[in-house]
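Participant: Numbering-wise (this note's numbering), the sequence shown opens with residue 8 and increments by one.
Below: one structure in structure tokens.
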Amino acid sequence: MQTRIIMLADFDYFFAQCEELRNPTIKGKPVVVGVYSGRTEESGAVSTSNYIARKYGVKSGLPLFLAKKKLEGLDPVFFHVDHEYYDQISDLIMAIFRTYATAIEQVSVDEAYLDVTEQVQGSFEKAHEYALKIKADVKSQVGISFTIGVGSNKIIAKIACDSQKPDGLTIVKPEEAQSFLAPLAVDRLLGVGKKTTARMEEMGIKTIGDLAKYDCQCLIEIFGKVLGIYFHNTANAIDNEPVQEQGEAESISKIGTLKADSHDLDYIAQKTDELTDIVFKEVTEKGYGFKTVSIYVVNVNLTSKSRSITLEQPAKDKETIRRNVRLLFEKYLAESELEIRRVGVKVATFSKEEPKQKSLTSFFSS
Ligand code: TTP
Ligand code: CA
Numbered sequence: 008m009q010t011r012i013i014m015l016a017d018f019d020y021f022f023a024q025c026e027e028l029r030n031p032t033i034k035g036k037p038v039v040v041g042v043y044s045g046r047t048e049e050s051g052a053v054s055t056s057n058y059i060a061r062k063y064g065v066k067s068g069l070p071l072f073l074a075k076k077k078l079e080g081l082d083p084v085f086f087h088v089d090h091e092y093y094d095q096i097s098d099l100i101m102a103i104f105r106t107y108a109t110a111i112e113q114v115s116v117d118e119a120y121l122d123v124t125e126q127v128q129g130s131f132e133k134a135h136e137y138a139l140k141i142k143a144d145v146k147s148q149v150g151i152s153f154t155i156g157v158g159s160n161k162i163i164a165k166i167a168c169d170s171q172k173p174d175g176l177t178i179v180k181p182e183e184a185q186s187f188l189a190p191l192a193v194d195r196l197l198g199v200g201k202k203t204t205a206r207m208e209e210m211g212i213k214t215i216g217d218l219a220k221y222d223c224q225c226l227i228e229i230f231g232k233v234l235g236i237y238f239h240n241t242a243n244a245i246d247n248e249p250v251q252e253q254g255e256a257e258s259i260s261k262i263g264t265l266k267a268d269s270h271d272l273d274y275i276a277q278k279t280d281e282l283t284d285i286v287f288k289e290v291t292e293k294g295y296g297f298k299t300v301s302i303y304v305v306n307v308n309l310t311s312k313s314r315s316i317t318l319e320q321p322a323k324d325k326e327t328i329r330r331n332v333r334l335l336f337e338k339y340l341a342e343s344e345l346e347i348r349r350v351g352v353k354v355a356t357f358s359k360e361e362p363k364q365k366s367l368t369s370f371f372s373s
């Protein structure tokens with residue numbers, strides 16, 4: 008297979024940057040975007056903040072009253088989240104990305120992979136110029152800055168992107184990939200949370216390099232087949248996942264609140280099985296197959312996350328949804344210590360006649 012050139016673009020402090028864009032006078036001040044829970048006027052959590060606010064320890068998930076305290080006297084500006092506006096800005100940028108890549112895969116409102124192998128003729132030198140061009144174009148057309156990571160697969164692009172933010176550009180050539188990953192802490196890999204990190208430390212694994220050298224069979228025995236193989240491959244910079252356009256799908260989702268906040272897979276699965284039944288009924292009524300299965304999580308501190316799996320073949324059966332939802336939760340719970348309050352199940356169905364995939368926000372409202 009020809010060496011691929013994959014970029015991950017991740018918009019800088021996205022919701023807060025959108026607010027700066029439409030309120031230019033606030034630039035230079037600490038900016039906080041919050042999710043207000045509605046219990047009292049002040050209650051809620053920080054969704055995101057600009058880098059000025061972050062210097063004072065104001066980060067995603069922090070209760071808003073603490074954010075106010077930390078920023079006292081610094082003339083901070085607070086906003087309520089406005090998903091509709093952020094989606095619009097995101098759509099504009101994604102449309103520009105499409106003109107620069109053979110395929111793009113939007114992973115969230117502010118992240119997308121671009122396969123630019125053809126456009127740069129497989130050259131990492133050209134990829135550098137190309138990335139700068141895309142950044143400049145988006146900055147002049149939309150006014151938003153973002154960070155790009157470049158590598159020969161999605162995993163390297165992602166870690167490269169995370170290594171230098173904001174407004175960063177990090178390129179990791181294939182021959183540098185192993186040595187780039189090796190010294191990093193294992194928790195930089197998606198799916199390695201606090202518990203897994205602690206478990207790996209007991210096994211003498213601290214860095215991605217340690218994990219890469221660890222016997223794959225032992226990893227399988229300890230973490231199960233799926234996670235064991237995943238850990239082995241990613242640590243060795245192996246990832247053949249394609250950059251997959253998600254544009255022609257329509258999504259069906261259902262979200263619900265747990266009776267009690269929980270971090271227990273079996274307890275959560277009871278609820279997600281109920282949601283799966285409802286989603287599956289709708290899928291069957293429409294008669295489509297589905298290609299992606301996603302979960303949505305609202306933690307007790309009101310932060311939210313979603314995770315997806317793309318299936319190799321479109322599926323039509325309920326068991327595939329259940330199994331993948333469970334797998335996604337298993338990975339998510341290993342990553343996050345927080346108890347969960349609300350959960351969602353989503354499948355993206357296959358239908359060329361249907362309008363393009365609904366935005367992330369539609370996921371929240373079902
Ligand atoms: P991120 O890309 O994680 O963060 P960011 O864009 O704010 O900052 P960075 O410069 O580090 O990339 O998340 C994208 C958006 O998702 C973010 O602007 C707000 C929202 N978000 C939440 O609502 N809750 C969260 O816990 C996080 C991490 C993000
Ligand atoms: Ca971001």
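Just so you know, even glycine gets a beta-carbon here, dropped at the ideal spot from N, CA and C.
Shorter than 7 Å, the distance from the beta carbon of Asp117 to the closest heavy atom of ligand 2, or not?
Facilitator: Here residue 117 corresponds to residue number 110 of the sequence shown, with the count starting at 1. Indeed, a heavy atom of ligand 2 lies less than 7 Å from the Cβ.
Participant: Quick check on Leu139: buried or exposed, where buried means 16 or more other Cβ atoms within 10 Å of its Cβ?
Facilitator: The residue labelled residue 139 in the question sits at position 132 within the sequence shown. Under this definition Leu139 is an exposed residue.
Participant: Give me the Cα-Cα distance between Leu28 and Glu344, rounded to the nearest whole angstrom.
Facilitator: Counting from 1 along the sequence shown, the entry for residue 28 is found at position 21. Counting from 1 along the sequence shown, the entry for residue 344 is found at position 337. For Leu28 and Glu344, the distance between alpha carbons rounds to 34 Å.
Participant: Is there at least one non-hydrogen atom of ligand 1 closer than 7 Å to the beta-carbon of Phe131?
Facilitator: Sequence index remark: in the sequence shown, residue 131 carries index 124 (1-based). It does not: the Cβ of Phe131 is nowhere closer than 7 Å to a heavy atom of ligand 1.
Participant: If the criterion is Cβ atoms closer than 8 Å, does the pair Ile285 and Lys353 meet it?
Facilitator: The sequence position of residue 285 within the sequence shown is 278, counting from 1. The sequence position of residue 353 within the sequence shown is 346, counting from 1. Cβ atoms of Ile285 and Lys353: not closer than 8 Å.
Participant: Need the endpoints of the beta strand (DSSP E) that Tyr20 sits in, please.
Facilitator: Locating residue 20 in the sequence shown gives position 13, counting from the first residue. Segment: none, Tyr20 is in no beta strand (DSSP E) and carries neither H nor E.
Participant: State yes or no: is the C-beta of Gly175 nearer than 7 Å to some heavy atom of ligand 1?
Facilitator: Position 168 of the sequence shown, counted from the first residue, corresponds to residue 175. Flag unset: Cβ of Gly175 not near ligand 1.
Participant: Can you tell which of Ser152, Val123, Ala242 has the C-alpha that lies nearest to the C-alpha of Asn394?
Facilitator: The structure shown does not extend to residue 394, since the chain is modelled only from 8 through 373, so no value can be given for it.
Participant: Gly294: buried (16+ other C-beta within 10 angstroms of its C-beta) or exposed?
Facilitator: Taking the first residue of the sequence shown as position 1, residue 294 is located at position 287. By the neighbour-count rule (16 or more Cβ atoms within 10 Å), Gly294 is not buried but exposed.
Participant: When the Cα of Thr10 is compared with those of Lys66, Gly51, Glu182, Ile141, which residue comes out closest?
Facilitator: Here residue 10 corresponds to residue number 3 of the sequence shown, with the count starting at 1. When only C-alpha atoms are compared, the closest one is Glu182.
Participant: Look at Gly296 and Lys323 and say whether their C-beta atoms are less than 8 Å apart.
Facilitator: Counted from its first residue, the sequence shown places residue 296 at position 289. Counted from its first residue, the sequence shown places residue 323 at position 316. In this structure, Lys323 lies closer than 8 Å to Gly296 by Cβ.
Participant: Do the stretch 44-53 and the stretch 180-198 meet, that is, are 3 or more Cβ pairs less than 8 Å apart?
Facilitator: No: fewer than three Cβ pairs fall under 8 Å.
Participant: Check whether the Cβ of Tyr20 sits closer than 7 Å to any heavy atom of ligand 1, and report yes or no.
Facilitator: Taking the sequence shown and counting its residues from 1, the one referred to as residue 20 is at position 13. Yes, Cβ of Tyr20 sits closer than 7 Å to a heavy atom of ligand 1.
Participant: Just to confirm my understanding: we take Phe371, look at its own chain, exclude 5 residues before and 5 after, and list those with CB closer than 6 Å. What are they?
Facilitator: Translated into the one-based positions of the sequence shown, residue 371 becomes position 364. Its pLDDT being 29, under 50, Phe371 is placed unreliably by the model, and the measurement read from it follows with that caveat. Around Phe371: no qualifying Cβ.
Participant: Quick check: is any heavy atom of ligand 1 less than 7 Å from the C-beta of Thr241?
Facilitator: For the purposes of this step, residue 241 is taken as the residue at position 234 of the sequence shown. Every heavy atom of ligand 1 is 7 Å or more from the Cβ of Thr241, so no.
Participant: Tell me the rounded alpha-carbon separation between Thr283 and Pro321.
Facilitator: To locate residue 283, count along the sequence shown from 1; it is residue 276. To locate residue 321, count along the sequence shown from 1; it is residue 314. Their Cα atoms are separated by approximately 17 Å.
Participant: Roughly how many angstroms lie between the CA atoms of Ala74 and Lys62, to the nearest whole one?
Facilitator: Position 67 of the sequence shown, counted from the first residue, corresponds to residue 74. Position 55 of the sequence shown, counted from the first residue, corresponds to residue 62. If you take the alpha carbons of Ala74 and Lys62, they lie about 12 Å apart.
Participant: May I have the straight-line CA-CA distance separating Met207 from Met14, to the nearest angstrom?
Facilitator: Here the question's residue 207 lines up with position 200 in the sequence shown. Here the question's residue 14 lines up with position 7 in the sequence shown. Approximately 29 Å between the Cα atoms of the pair.
Participant: Given that a residue counts as buried once 16 or more other Cβ atoms are within 10 Å of its Cβ, and exposed if not, what is Ser130?
Facilitator: Walking along the sequence shown from the start, residue 130 turns up at place 123. Per the 10 Å Cβ criterion, exposed.
Participant: Considering only residues of the same chain and omitting the five flanking positions on each side of Leu335, which have a CB-CB separation below 8 Å?
Facilitator: Residue mapping note: residue 335 aligns to position 328 of the sequence shown, counting from 1. Cβ neighbours of Leu335 beyond the five flanking positions: Val300, Ser301, Ile302, Arg314, Ser315, Ile316.
Participant: If you reduce the DSSP assignment to three classes, tell me which class Lys363 lands in.
Facilitator: Indexing the sequence shown from 1 puts residue 363 at position 356. Reliability of the predicted coordinates at Lys363 is poor, the pLDDT of 35 falling under 50, and no value is obtained from them.
Participant: Would the C-beta of Gly51 count as close to ligand 1, meaning under 7 Å from any of its heavy atoms?
Facilitator: The sequence position of residue 51 within the sequence shown is 44, counting from 1. Not under cutoff, so the answer is no.
Participant: Less than 7 Å between the CB of Thr55 and some heavy atom of ligand 1, yes or no?
Facilitator: Here the question's residue 55 lines up with position 48 in the sequence shown. Yes, since a heavy atom of ligand 1 falls inside the 7 Å radius drawn around the Cβ of Thr55.
Participant: Using the Cα positions of Ser369 and Ile96, report the straight-line distance between them to the nearest angstrom.
Facilitator: Sequence index remark: in the sequence shown, residue 369 carries index 362 (1-based). Sequence index remark: in the sequence shown, residue 96 carries index 89 (1-based). Only weak support exists for where Ser369 lies, its pLDDT of 28 falling under 50; the coordinates are left without a value.
Participant: Any idea what DSSP makes of His90, helix, strand or coil?
Facilitator: Counting from one through the sequence shown, the residue named residue 90 turns up at place 83. Looking at His90 - three-state DSSP - the assignment turns out to be helix.
Participant: Are three or more beta carbon pairs between the stretch 77-91 and the stretch 18-36 nearer than 8 Å?
Facilitator: Touching, yes, given that three or more Cβ pairs across the two stretches are closer than 8 Å.
Participant: So Lys213 and Ala244 are in contact, right, with Cβ under 8 Å, and what is the actual spacing, rounded?
Facilitator: Taking the first residue of the sequence shown as 1, we reach residue 213 at position 206. Taking the first residue of the sequence shown as 1, we reach residue 244 at position 237. Going by Cβ atoms, the distance from Lys213 to Ala244 rounds to 18 Å, so no, they are not a contact pair.
Participant: Decide if Ala134 is buried, meaning its Cβ has at least 16 other Cβ atoms within 10 Å, or exposed.
Facilitator: Along the sequence shown, one-based indexing puts residue 134 at 127. Under this definition Ala134 is a buried residue.
Participant: Since Gly235 is in the alpha helix (DSSP H), which residue starts that stretch and which ends it?
Facilitator: Residue 235 sits at position 228 when you count from the first residue of the sequence shown. Residues 232-242.
Participant: Applying the 10 Å Cβ sphere with the 16-neighbour rule, what's the burial state of Ser147?
Facilitator: Locating residue 147 in the sequence shown gives position 140, where the first residue counts as 1. Looking at its Cβ environment, which holds fewer than 16 other Cβ atoms inside 10 Å, Ser147 is exposed.
Participant: Using a threshold of 7 Å, is the CB atom of Asp94 nearer than that to any non-hydrogen atom of ligand 2?
Facilitator: Residue numbering aside, residue 94 sits at position 87 when the sequence shown is read from its first letter. No, the Cβ of Asp94 stays beyond 7 Å of every heavy atom of ligand 2.
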